[in-house]
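Asks: Last residue of the sequence shown: 412 in UniProt numbering, with the numbers rising by one and none dropped.
Backbone N, C-alpha and C define an ideal beta-carbon position, used for all residues, glycine too.
The structure under discussion is supplied below as structure tokens; questions concerning it will follow.
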Amino acid sequence: MTDSSTFVVGAGIVGLATAIEAQRRGDRVTLFDEADPGMGCSFGNAGIIAASEIFPLITPGRIASLPRMLMARDAPAVVRASSLPHLLPWMARAATTLSAGRQDRNTGAIAALNNRSVAAWRDLLGHCGRPDRLREKGMIRLIRDPRDRAELEDVGARLARHGLPSRLLGREELLALEPALGKAAVGGLLHESDADIGEPLALSRTLLAHFHAAGGTLIRQRAMAIGSGETFAELITDARSHSADRIMITAGLASDALLRPLGATVPLQAERGYHLALPGLGRLLDRPVTFQRESCVATPMGDTLRLAGTVEFADVGARPDWRRAHSLAAYAGRYFDDFHPAPDAEVWMGSRPSLPDSLPAIGRLAAMPRIGYAFGHQHLGITQAAVSAKLLCGIMADDAPFDPAPYDLARF
1 MTDSSTFVVG
11 AGIVGLATAI
21 EAQRRGDRVT
31 LFDEADPGMG
41 CSFGNAGIIA
51 ASEIFPLITP
61 GRIASLPRML
71 MARDAPAVVR
81 ASSLPHLLPW
91 MARAATTLSA
101 GRQDRNTGAI
111 AALNNRSVAA
121 WRDLLGHCGR
131 PDRLREKGMI
141 RLIRDPRDRA
151 ELEDVGARLA
161 RHGLPSRLLG
171 REELLALEPA
181 LGKAAVGGLL
191 HESDADIGEP
201 LALSRTLLAH
211 FHAAGGTLIR
221 QRAMAIGSGE
231 TFAELITDAR
241 SHSADRIMIT
251 AGLASDALLR
261 PLGATVPLQA
271 ERGYHLALPG
281 LGRLLDRPVT
291 FQRESCVATP
301 MGDTLRLAGT
311 VEFADVGARP
321 DWRRAHSLAA
331 YAGRYFDDFH
341 PAPDAEVWMG
351 SRPSLPDSLP
361 AIGRLAAMPR
371 IGYAFGHQHL
381 GITQAAVSAK
391 LLCGIMADDA
401 PFDPAPYDLA
411 RF
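Here it is, written out as structure tokens:
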């Protein structure tokens, strides 16, 4: 990938990281997106490099709880009943990943990305001249019931088998790190390998500024179709046709419409997440925390505390259920004695692209090797963006830094 032209389609966090990585390899890079960069699902996430999140989203326990997910609208994970017919084929594929062997292999493949995630971000942000954007203070998994300590011990042991360090915290150790936590927080697990980057849109703008400074071009057009000949790749937008040496698709949920006409099987599903941004409460924490029972996280972003989480399977066009966003404040309030959110909290909902085995799609089309792709990172888009960019650009140059086989779309 030297002195050649590359198109990157999709300017979310994965696309921005990929565009810069291609530039570093000597390519002339053009980034395509009809929307403002970083304003899709990259905008509203928790800003955490969650290296410790290596376990698949779909597990035997989650499948068993499907009836409850259909009935309880306030559960950490729900399924919109109206979306069930569309969701069933995806769930059927997910059900094929539930054996112990498949779960272990998928966990290992996620860990292969996540183990490299912080180092990849350290390298990328250092290259961009902004190493200060990465805060390496870890993340704490909190519990309110002492009986949950055994669960934390199990999580820590499973992470250790994949080379991810963690440390159990008693009440005193917990308060030494996060003194604003209330009486209900009785212990935790410090994920020492995790980090955070603050406000995600600010990160996207940092990357975009560097991309432009390095000679990159952003074209605000909608990608309609892609194709490839022997000596070039073609992108058709809503304005015109463009040609380059290669095209890399990093378009999240929109990747399906671009790749399926080329014969690829792309079983994407929208996994919705919500956030609630609470001004004036950012100083409560020094690092991100996750609430074990409630399955949501809190990240300090300057003066603001961003609460993010929940899983909602629903059609992309379905109306948001803002009660899910506001419920995050009630969850967080259980862990603080003095927690008084202002009434002007910002709510947000985004649709995260998820594949049924919880692995992203990273690779290139066997029949069209000028076409590459990286998408489907579910709730780990920021975590895996920088390492995915390195892997994809390596694949396109025939020098992948580690085994890319688990992420190839050919698995479907």
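Alpha carbon to alpha carbon, how far is Met39 from Gln378?
Replies: Translated into positions along the sequence shown, residue 39 becomes position 39. Translated into positions along the sequence shown, residue 378 becomes position 378. Cα to Cα, the separation comes out at about 16 Å.
Asks: Rank Ala325, Leu207, Arg62, Ile63 by C-alpha distance to the C-alpha of Tyr274 and give the top, closest one.
Replies: Here residue 274 corresponds to residue number 274 of the sequence shown, with the count starting at 1. Tyr274 has its Cα closest to that of Ala325, out of Ala325, Leu207, Arg62, Ile63.
Asks: Would you kindly work out how many angstroms separate the C-alpha atoms of Met349 and Ala75, rounded to a whole number?
Replies: Taking the first residue of the sequence shown as position 1, residue 349 is located at position 349. Taking the first residue of the sequence shown as position 1, residue 75 is located at position 75. One C-alpha to the other measures close to 16 Å.
Asks: From Gly376, Ala367, Ala345, Asp344, pick the residue whose C-alpha is nearest to that of Ser358; which is it?
Replies: Here residue 358 refers to the residue found at position 358 of the sequence shown. Ser358 has its Cα closest to that of Gly376, out of Gly376, Ala367, Ala345, Asp344.
Asks: Hey, Pro353 and Leu258: beta-carbon distance below 8 Å or not?
Replies: Stepping through the sequence shown from its first residue, residue 353 is reached at position 353. Stepping through the sequence shown from its first residue, residue 258 is reached at position 258. No. Outside cutoff.
Asks: Helix, strand or coil, according to DSSP, for Ser4 in the structure here?
Replies: Here residue 4 refers to the residue found at position 4 of the sequence shown. In this structure, Ser4 counts as coil in the three-state DSSP scheme.
Asks: On a CA-only basis, which of Ile219, Gly126, Asp238, Ala244 is nearest Gly229? Give me that one, please.
Replies: In the sequence shown, residue 229 corresponds to position 229, counting from 1. Closest option to Gly229, Cα to Cα, is Ala244.
Asks: Can you grab the Cα-Cα spacing for the pair Ala397 / Ala214, in whole Å?
Replies: The sequence position of residue 397 within the sequence shown is 397, counting from 1. The sequence position of residue 214 within the sequence shown is 214, counting from 1. Near 20 Å, if we compare the C-alpha coordinates of Ala214 and Ala397.
Asks: Measure the C-alpha to C-alpha separation of Gln221 and Leu278 and round it to an integer number of angstroms.
Replies: The count along the sequence shown starts at 1 and reaches residue 221 at position 221. The count along the sequence shown starts at 1 and reaches residue 278 at position 278. Computed Cα separation, rounded: 34 Å.
Asks: Work out the CA separation of Pro406 and Ala109 for me, nearest whole Å.
Replies: Start at 1 with the first residue of the sequence shown, and residue 109 comes out as number 109. Start at 1 with the first residue of the sequence shown, and residue 406 comes out as number 406. Their backbone Cα atoms lie some 6 Å apart in a straight line.
Asks: Run through DSSP, which three-state label would Gln269 get?
Replies: If you number the sequence shown from 1, residue 269 lands on position 269. Of the three classes helix, strand and coil, the one that applies to Gln269 here is strand, per DSSP.
Asks: Using DSSP's beta-bridge definition, name the partner residues of Tyr407.
Replies: Counting from one through the sequence shown, the residue named residue 407 turns up at place 407. The partner list for Tyr407 (beta bridge, DSSP) is empty, contrary to what the question assumes.
Asks: If you check the beta carbons only, do Leu409 and Ala329 fall under 8 Å apart?
Replies: On the sequence shown, residue 409 is found 409 positions in, with the first residue counted as 1. On the sequence shown, residue 329 is found 329 positions in, with the first residue counted as 1. No; because the gap between Cβ atoms is not below 8 Å, this pair is not in contact.
Asks: Are the stretch 185-204 and the stretch 38-52 touching by the rule of at least three beta carbon pairs closer than 8 Å?
Replies: A contact exists between the stretch 185-204 and the stretch 38-52.
Asks: Going by C-alpha distance, which of His162, His212, Arg293, Ala176 is nearest Glu53?
Replies: As a first step, residue 53 must be located in the sequence shown, where it is residue number 53. Among His162, His212, Arg293, Ala176, the Cα nearest to that of Glu53 belongs to His162.
Asks: Can you tell which of Met91, Arg116, Thr18, Gly15 has its C-alpha closest to the C-alpha of Phe402?
Replies: Numbered from its first residue, the sequence shown carries residue 402 at position 402. Closest option to Phe402, Cα to Cα, is Arg116.
Asks: Buried or exposed, going by whether 16 or more other CB atoms sit within 10 Å of the CB of Pro89?
Replies: Reading the sequence shown from its first residue, position 89 is the one you call residue 89. Its Cβ having fewer than 16 others within 10 Å, Pro89 is exposed.
Asks: What separation, rounded to the nearest whole angstrom, lies between the Cα atoms of Ala11 and Glu172?
Replies: Here residue 11 corresponds to residue number 11 of the sequence shown, with the count starting at 1. Here residue 172 corresponds to residue number 172 of the sequence shown, with the count starting at 1. For Ala11 and Glu172, the distance between alpha carbons rounds to 44 Å.
Asks: Going by DSSP, what residues sit across from Leu142 in a beta bridge?
Replies: Indexing the sequence shown from 1 puts residue 142 at position 142. In the DSSP output, where bridge partners are listed per residue, Leu142 has Gly188, Phe291.
Asks: Go to Phe339, then tell me how far its alpha helix (DSSP H) extends in each direction, as first and last residue.
Replies: Mapped onto the sequence shown, residue 339 falls at position 339. Here Phe339 belongs to no alpha helix (DSSP H), and DSSP marks it neither H nor E.
Asks: When you compare only the Cα positions, how much space is there between Gln23 and Gly216?
Replies: Indexing the sequence shown from 1 puts residue 23 at position 23. Indexing the sequence shown from 1 puts residue 216 at position 216. Approximately 8 Å between the Cα atoms of the pair.
Asks: Just checking my contact of Gly381 with Ile13 at CB under 8 Å: how many whole Å lie between their CB atoms?
Replies: Numbered from 1 along the sequence shown, position 381 holds the residue referred to as residue 381. Numbered from 1 along the sequence shown, position 13 holds the residue referred to as residue 13. Contact flag correct, Cβ pair sits at about 6 Å.
Asks: Let me know the beta strand (DSSP E) ranges lying completely inside the stretch 358-393, each 3 residues or longer, listed in chain order.
Replies: DSSP runs (the beta strand (DSSP E)) wholly in the stretch 358-393: 361-364, 371-375.
Asks: Just checking my contact of Leu207 with Cys128 at CB under 8 Å: how many whole Å lie between their CB atoms?
Replies: Mapped onto the sequence shown, residue 207 falls at position 207. Mapped onto the sequence shown, residue 128 falls at position 128. 7 Å between Cβ atoms; contact.
Asks: Of the residues Arg293, Asp321, Val311, which one's Cα is nearest the Cα of Asp145?
Replies: In the sequence shown, counting from the first residue as 1, residue 145 sits at position 145. Of the candidates Arg293, Asp321, Val311, the one whose C-alpha sits nearest the C-alpha of Asp145 is Arg293.
Asks: Pick helix, strand or coil for Ala308, following the three-state DSSP scheme.
Replies: Within the sequence shown, numbered from 1, the residue matching residue 308 stands at position 308. In the structure shown, Ala308 sits in a strand (DSSP, three-state: E or B).
Asks: Give the single residue among Leu307, Phe339, Glu312 whose Cα lies nearest to the Cα of Val347.
Replies: Taking the first residue of the sequence shown as 1, we reach residue 347 at position 347. Selected option, being the one with the closest Cα: Leu307.
Asks: Is Leu175 closer than 8 Å to Ile140 when the C-beta atoms are compared?
Replies: As a working mapping, residue 140 is identified with position 140 in the sequence shown. As a working mapping, residue 175 is identified with position 175 in the sequence shown. No, the Cβ-Cβ distance between Ile140 and Leu175 is not below 8 Å.
Asks: Taking C-alpha atoms, which residue in Ala374, Ala81, Asn114 lies nearest to Phe55?
Replies: Position 55 of the sequence shown holds residue 55. Measuring from the Cα of Phe55, the nearest candidate turns out to be Asn114.
Asks: From the DSSP output, in three-state form, read off residue 435 for me.
Replies: Missing from the structure shown is residue 435; the chain here goes from 1 to 412 and no further.
Asks: State the CB to CB distance for the pair His242 and Phe7, rounded to an integer number of angstroms; the pair is presumed to be in contact (CB under 8 Å).
Replies: Within the sequence shown, numbered from 1, the residue matching residue 242 stands at position 242. Within the sequence shown, numbered from 1, the residue matching residue 7 stands at position 7. Indeed they touch by this definition, with Cβ atoms about 7 Å apart.
Asks: What would DSSP say about Met39, mapped onto helix, strand or coil?
Replies: As a working note, residue 39 is residue 39 in the sequence shown. Note: Met39 maps to coil in three-state DSSP.
Asks: Touch check for the stretch 181-188 and the stretch 142-156: three-plus C-beta pairs under 8 Å?
Replies: These segments touch.
Asks: Run through DSSP, which three-state label would Phe402 get?
Replies: Numbered from 1 along the sequence shown, position 402 holds the residue referred to as residue 402. Looking at Phe402 - three-state DSSP - the assignment turns out to be coil, as it is neither helix nor strand.
Asks: Out of Glu192, Ala195, Val311, Pro261, point me to the one whose CA is closest to Arg80's CA.
Replies: Counting from 1 along the sequence shown, the entry for residue 80 is found at position 80. Ranking Glu192, Ala195, Val311, Pro261 by Cα distance to Arg80 puts Val311 first.
Asks: Check each candidate in Glu34, Ala51, Leu181, Gln103 and name the one with the smallest Cα separation from Asp286.
Replies: Within the sequence shown, the letter at position 286 stands for residue 286. The shortest C-alpha separation from Asp286 is found at Leu181.
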